[in-house]
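Quick notes on the structure that follows.
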Amino acid sequence: MPPEDVLREGPKRALVLALHELYAAAGYPTLRTMEKGIRDDKEVTGTLSYDTIHGVLRGQRVPRWDNFQALVHYLAAAQVDRRKDVEGAKERLHQLWLPAFTPSEDLQLSGDPLPLQNREEESEGTEEHGAELHSDPDLRAAHRWYTQQIEAGDTEALVQLGTLLECRLNPPSIEAARRLYLRAAEAGSLDAMNRLADLVTRKVEPPEPTDAALWYERAADAGSLAAMIKLADLLENGLPPVDTAAAEIWLEKAAKAGNTEAMRLLGEHIHKYDPARKDEARQWSEQAALAGSPAAMRSFGLLLRHQTPPDYPGSRWWLERSAAAGDSVGMIQLALILDPGAERNLYDRFKGWNEPEDSDGSRAWLELAAGAGNSDAMLLLARRLLRRRPIGRRHIGAATMWLQMAATNGRHDAMFELAHLLEVQGDAFEAKRWYDEYFASTNRSWDREELTKFLGRNPQIHGARESLQAAAEDGDALAMRELSVHLKWRSPRDEAEALKWHHTALRTGPPGLVYWLRWWGWFEPRAPR
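If you read the sequence shown in this note's numbering, its first letter stands for residue 1416, the second for the next number, and so on.
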């Protein structure tokens, strides 16, 4: 919430307070998550940018209702406790919005003067993205304002306009943003150096880690703690050859300057690469945890768990602090300590075991982590549910829900397991869609054997028989087997053609397939399972 001296008592404060109630009920999603969710929501017509959402939550502006209600709709629909009343929330917020909205305020960016309205835009990115800039009043206003500031000699405006072109346009204008960052970096802007290095490692194809290291080092030499941490990560993980000693030097420099994240990473680095210095690793990790960082608390808790001898009570205490502070990874690690069977289930999805309804609260922590958007927790919950003995329909339904959420978040193994679960439940068409998603996300395509087996199991898929026929005519013995089953048992039946493909598979198939065909009992009057 913004401080009271920023938002005094009045209609706007009442509106922002009500909005923050929804924000809390939705689990405090990030600004990027909200921006993407609103943009992808087909049920709303309004749109809000990253900066606009930030301004609205800070009480710095109140946009038009069509845009404001898009934010309300997203937050109401995303409530963690699932007691959703989207329309009721929109009606309640609309009553508060009416006295708080000022039309002139909606025409400007919060904290900035009104942009020039009749000025030609000739700066970076306008030519490539004129349509996008003109279709969004926020982008148009920001672009004009930053252009004006750049012409007045403001170096930071170069960085802000570069960020707009990189992060706010769809598709982004990467090259234009890079040119702007380069101009600002050469003028001495540490923020521009960091952003330029981030850009060339994450959004340029192919990545340019050598150039990134040069800019990170230049910013680090000038005192940027963020650059020191990123340079250490690049030296350790992204820039061949690996230089762990240099990475440790930069982490130690940032840690001694008081950066909590650097302290945490330095403790993990020493623990990983020089276990003999365990006391030093513990000292840095504990110092970061005592500074109040949830990630550092989790890191220190794990260090205590894996040290020799392990300190399980201390590990649990710090993981509980991390989880209580909202660290979703800490919630998962706490659940694994509370229920050792959950850890086995995380890595071995083929074993089932009997467990109580909730083992010492572990499932509750996993559900909180999953509700916060952690895909690992979603996948782990699904696997726990599917490995229960006995298992009921409600367990399968809940597991399907968690797998769908994890798969939607881009988790590859969740896509595959969801497809398999849907196929087992008889939803072959949806299963095929998720198998396709899985292969596309892993840069693979169906190989013939996988597709043949799937079509053999699911003859109701449109074109299954035709696909098997084509593969069989191309000499695929497995396809011949599946085609013979289709022709013998599925309508329209053709036993003569089925017998022909059966014998062809016997003649041409590998020994294992031939054994299966003979054991199957072709002429027995029963359908295959």
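Glycine included, each C-beta is placed from N, C-alpha and C at the ideal position.
When DSSP states are grouped into helix, strand and coil, ARG1905 belongs to the coil group. DSSP places ASP1726 in no alpha helix (DSSP H); its state is neither H nor E. Here ARG1803 carries a strand assignment [DSSP, helix/strand/coil].
Selection GLN1484, GLN1702, ASP1455, PRO1426 evaluated against GLU1502 yields GLN1484 as nearest (Cα-Cα). In the DSSP assignment, PHE1516 falls outside any alpha helix (DSSP H), carrying neither H nor E. Each residue's CA atom was taken as its position, placing SER1588 and GLU1581 some 6 Å apart. ASN1482: member of the alpha helix (DSSP H) spanning 1480–1492, first to last residue.
Straight-line spacing of the CA atoms in ARG1778 and ALA1787 works out to 14 Å. For ALA1433, the enclosing alpha helix (DSSP H) has its first and last residue at 1426–1440. The shortest CA-to-CA distance from ARG1583 to any of ARG1454, PRO1907, ARG1803, ALA1814 is the one to ARG1454. Taking a contact as a CB-CB distance under 8 Å, the pair ALA1504 and ALA1491 counts as one, their CB atoms being some 4 Å apart. 8 Å or more divides the Cβ of ASP1658 from the Cβ of LEU1666. By the Cβ criterion, the stretch 1449–1463 is not in contact with the stretch 1796–1804, since fewer than three pairs of Cβ atoms, one from each stretch, lie closer than 8 Å. Annotation for GLN1702: the continuous alpha helix (DSSP H) segment containing it runs 1693–1705.
The alpha-carbon separation between LEU1605 and HIS1558 amounts to approximately 22 Å.
A Cβ-Cβ contact shorter than 8 Å links MET1820 with MET1793.
Annotation: ALA1703 to ASP1742 spans about 15 Å, alpha carbon to alpha carbon.
Sequence-distant partners of ILE1664 (beyond 5 residues in either direction) whose C-beta falls short of 6 Å from its own C-beta are missing from its chain. For the options VAL1900, LYS1618, LEU1902, ALA1892, the alpha carbon positioned closest to that of THR1919 is the one of ALA1892. By the 16-neighbour rule on beta-carbons within 10 angstroms, THR1867 is buried. Here DSSP, grouped into helix, strand and coil, assigns ASN1652 to helix.
Proximity to GLY1673 across ALA1691, ILE1644, ASN1873 peaks at ILE1644, based on C-alpha coordinates.
8 Å or more divides the Cβ of GLY1470 from the Cβ of VAL1431. With a threshold of 16 other beta carbon atoms within 10 Å, TYR1561 meets it and is buried. Within its own chain, the residues whose Cβ lies closer than 8 Å to the Cβ of LYS1618, once the five positions on either side in sequence are excluded, are GLU1581, PRO1587, ILE1589, listed in chain order.
Within its own chain, the residues whose Cβ lies closer than 8 Å to the Cβ of TRP1817, once the five positions on either side in sequence are excluded, are ALA1785, MET1793, LEU1794, LEU1796, ALA1797, LEU1800, listed in chain order. Here the alpha carbons of ALA1627 and ARG1731 stand approximately 39 Å from one another. Closest in alpha carbon position to ALA1738, among TYR1727, MET1712, PRO1725, GLU1632, is MET1712. Taking every protein chain shown into account, the CB of ALA1885 has fewer than 16 other CB atoms within 10 angstroms, so this residue is exposed.
For ASN1609, the secondary structure class from DSSP, reduced to helix, strand or coil, is helix. Counting along the chain, ALA1855 sits inside the alpha helix (DSSP H) bounded by residues 1843–1856. Positions of the beta strand (DSSP E) runs, each at least 3 residues long and wholly inside the stretch 1626–1684, cannot be given because no such run exists. Contact between ALA1661 and ALA1670 is ruled out by a C-beta separation of about 15 Å, above the 8 Å threshold. When only Cα atoms are considered, ARG1896 and GLU1838 end up about 21 Å apart. Relative to TRP1512, the option among ASN1482, ARG1826, PRO1655 whose CA is nearest is ASN1482. When DSSP states are grouped into helix, strand and coil, PRO1624 belongs to the helix group.
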